[in-house]
Amino acid sequence: MTDSDGDEGARDRVSVPEEIELPRLLDFYERQTDDHTKIHEFYHNLRDGRLTTTRCRDCEAIHYPPRIVCPECTGDDLEYVDLPHEGELFAFSEVRGGLPLGLSEHEVPFVVGVVDLGPVKLSARIDDASYADLGIGDSVELKIVEIDGPTDQERVFYRFKPRNVNDGENE
Ligand SMILES: [Zn+2]
750 MTDSDGDEGA RDRVSVPEEI ELPRLLDFYE RQTDDHTKIH EFYHNLRDGR
800 LTTTRCRDCE AIHYPPRIVC PECTGDDLEY VDLPHEGELF AFSEVRGGLP
850 LGLSEHEVPF VVGVVDLGPV KLSARIDDAS YADLGIGDSV ELKIVEIDGP
900 TDQERVFYRF KPRNVNDGEN E
């Protein structure tokens, strides 16, 4: 059936691209519209400068992150309520390596922490400080960042930064 003599050495060729487009999986932040997430109101509020979360109208539990069903009573009558924009550093660490997929080496080191806002504790990046600058119980405040790419959608996310930063070294 095959003419093995004549085809000797004629191999199929495959190629790989010079650059690989960033896959969705490597986009660190979720899409924030109602087409993509049922907690789009959280992001809408955040774009307006408000940090919010869901509260259950049935059992009054406050959740973080925001939910679409109450994990305490399984009710779905939830409302968005404002969270304080200031809190205390409950715990923190520094990321020096082992970056999450999608982050670049230029970003390390950076600090991540658990911030106690009173009604909830949440984890977030702590900007404008190094690990050595920080201590448990330090006062921190909300910082909203805008996310560039890879989608056209305007996206934001929250971080925290130390309060009352003495910016003497900046001038
Ligand atoms: Zn509930």
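The numbering of the sequence shown is my numbering, which starts it at 750 and goes up by one. Every residue, glycine too, gets a C-beta built ideally from N, C-alpha and C.
How is residue i classed by DSSP in three states: helix, strand or coil?
| i | result |
| --- | --- |
| A983 | The structure shown has nothing for residue 983, since the chain only spans 750 to 920. |
| E828 | strand |
| Y813 | coil |
| Y907 | strand |
| D776 | coil |
| A881 | helix |
| H855 | helix |
Between which two residues does the beta strand (DSSP E) harbouring residue i extend?
| i | result |
| --- | --- |
| F841 | 835-844 |
| S888 | 888-896 |
| C805 | 801-805 |
| G862 | 859-865 |
So residue i is in the alpha helix (DSSP H); what residue range does that whole segment cover?
| i | result |
| --- | --- |
| L795 | 789-796 |
Decide if residue i is buried, meaning its Cβ has at least 16 other Cβ atoms within 10 Å, or exposed.
| i | result |
| --- | --- |
| C822 | exposed |
| Y778 | exposed |
| I875 | buried |
| A759 | exposed |
| R908 | buried |
| R904 | buried |
Quick one: any contact between the stretch 788-795 and the stretch 858-868, if contact means 3 or more CB pairs under 8 Å?
no
May I have all residues whose beta carbon comes closer than 6 Å to any heavy atom of ligand 1, sorted in chain order?
C805, D807, C808, A810, C819, E821, C822, G824
Inter-stretch contact at 8 Å, needing at least 3 Cβ pairs: the stretch 825-838 / the stretch 800-808
yes
Quick test of the definition: if touching needs 3 or more C-beta pairs under 8 Å, does the stretch 812-819 touch the stretch 843-850?
no
Any contact of the stretch 835-843 with the stretch 880-895, i.e. 3+ C-beta pairs under 8 Å?
yes
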